[in-house]
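Chemist: Starting off with a structure, shown below.
What follows is the structure, encoded as structure tokens:
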């Protein structure tokens, strides 16, 4: 029997556009697809014929040769029509439709094994915990391998069948003009076998939703906003595929009186006017443990910074620590007794400082300087402006 006209096969006019050719192929290929017409040899032959027609008419050069010479002009490029293997036509179908596993209800047991999804989980730790590190045990709702089928999606006591399309190789050869391209088999998705008797418990997926305890190690020196990766603790993959990863977002809560910038810690510490003038020793509570004696030298001014090297945060995944910078604030008494006021006036006379609102060497009043606040002083500190020890 002579081959049918290719335009007639796709039920289109000879002047049809590329888009009309593609639409016609999609319509006819779905109509005759073997998965929709299982056991129907006539539908399988029609599926091959439709694929051959599309292959020629979708190629500009082959279509021109066919329009000029008919079947003889493209016979060397054609697969032989009915009776030829279906593997390359299934690949062609896959190229046009994409991954068509769900098109005919194949997305469950016959679907492709897929790596598990990555999961995100957020935790909150204190600044003290960020300093020393911590191990957390968290409950993660995730996909876990099915216990009934051990994650392979196959009903216990049964076995998968060899894919007839690729003969179990998982690969098929697609002929495109003069070229042969090897691709994953579109029917078994490269596995070489099909699950015909899926596990009842997981419907062939090989995994189920469960809550799983996961141990998460928070390293010393972790910063707010850091993300930790726990490999292999995301969703289980389908049908035995590798699992995804667990991504743990870390939030470090604010401390009552410590501030942090990178590996450095900042602390605002108040001393009395007398202590600032005469000098003193302050006991500073450390972030992690105990206290530290810090010398406040005589004549300390408001905004003076005392640096304790190596007393800051641990450097993440590095040796050493940052520094602790103590911003000294000088308290001015507000409830002076008459006697105290008299003593201050006497001191002012001795120092020639009767103007209670005198201007300092910066060109600002001490009261104004105090009002600038802690964070303004920190800005000066970072730029190297305030007086350091």
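In the working numbering, the protein residues as written are 144 to 532.
Cβ atoms here follow ideal geometry from the backbone N, Cα and C, with glycine treated the same way.
1. Compare the C-alpha of residue 146 against each of 451, 258, 189 and name the closest.
2. Measuring straight from C-alpha to C-alpha, what distance separates residue 356 and residue 363?
3. Could you spell out where the beta strand (DSSP E) holding residue 543 opens and where it closes?
4. Here's the rule I'm using: 16 or more other beta-carbon atoms within 10 Å means buried, otherwise exposed. How should residue 506 be labelled?
5. My output table needs one value for residue 372: the three-state DSSP class, helix, strand or coil.
6. Measure the beta-carbon distance from residue 390 to residue 262 and round it to whole angstroms, keeping in mind my assumption that it falls under 8 Å.
7. Taking the alpha carbon of residue 269 as the point to measure from, which residue in 491, 183, 404, 397 has its own alpha carbon closest?
8. Keeping to the same chain, check which residues put their C-beta closer than 7 Å to that of residue 175; ignore five residues upstream and five downstream.
9. Mark residue 288 as exposed unless 16 or more other C-beta atoms lie within 10 angstroms of its C-beta, in which case mark it buried.
10. Have a look at residue 404 and residue 463 and give me their C-alpha separation to the nearest angstrom.
11. Starting from residue 185, trace the alpha helix (DSSP H) in both directions and tell me its first and last residue.
12. Please state the DSSP three-state secondary structure of residue 214.
13. Return the CA-CA distance between residue 353 and residue 204, expressed in angstroms with no decimal places.
14. Cβ of residue 350 within 8 Å of Cβ of residue 294?
15. I'd like the ranges of any alpha helix (DSSP H) spanning at least 4 consecutive residues and lying wholly in the stretch 394-463.
16. Can you give me the C-alpha to C-alpha distance between residue 305 and residue 347, rounded to a whole angstrom?
17. In three-state DSSP terms, what is residue 257?
Modeler: Inspection of the coordinates gives the following:
1. What you label residue 146 is simply residue 3 of the chain shown in a count that begins at 1. Answer by Cα proximity: 189.
2. On the chain shown, position 213 is the one that residue 356 refers to. On the chain shown, position 220 is the one that residue 363 refers to. Residue 356 and residue 363: Cα-Cα distance of roughly 22 Å.
3. Residue 543 lies beyond the stretch modelled for the chain, which goes from 144 to 532, so this question has no answer here.
4. Taking the chain shown and counting its residues from 1, one reaches residue 506 at position 363. Unreliable positioning characterises residue 506 in this predicted model, as indicated by a pLDDT of 48, which lies under 50. The coordinate reading is nonetheless provided below. With fewer than 16 other Cβ atoms within 10 Å, it is exposed.
5. The count along the chain shown starts at 1 and reaches residue 372 at position 229. In the structure shown, residue 372 sits in a strand (DSSP, three-state: E or B).
6. The residue given as residue 390 occupies position 247 in the chain shown. The residue given as residue 262 occupies position 119 in the chain shown. Contact flag correct, Cβ pair sits at about 7 Å.
7. Numbered from its first residue, the chain shown carries residue 269 at position 126. That would be 397, whose Cα lies nearest to the Cα of residue 269.
8. Your numbering for residue 175 matches position 32 in the chain shown. 186, 189, 190, 193.
9. For the purposes of this step, residue 288 is identified with residue 145 of the chain shown, where counting begins at 1. Residue 288 should be labelled buried.
10. Against the chain shown, residue 404 aligns to sequence position 261. Against the chain shown, residue 463 aligns to sequence position 320. Rounded to the nearest angstrom, the two C-alpha atoms are 16 Å apart.
11. Along the chain shown, one-based indexing puts residue 185 at 42. From DSSP, the alpha helix (DSSP H) with residue 185 extends over 184-200.
12. Counting from one through the chain shown, the residue named residue 214 turns up at place 71. Helix at residue 214.
13. As a working note, residue 353 is residue 210 in the chain shown. As a working note, residue 204 is residue 61 in the chain shown. One C-alpha to the other measures close to 56 Å.
14. Locating residue 350 in the chain shown gives position 207, where the first residue counts as 1. Locating residue 294 in the chain shown gives position 151, where the first residue counts as 1. For residue 350 and residue 294, yes; Cβs fall inside 8 Å.
15. 416-421
16. Counted from its first residue, the chain shown places residue 305 at position 162. Counted from its first residue, the chain shown places residue 347 at position 204. If you take the alpha carbons of residue 305 and residue 347, they lie about 17 Å apart.
17. Numbered from 1 along the chain shown, position 114 holds the residue referred to as residue 257. Here residue 257 sits in coil by DSSP.
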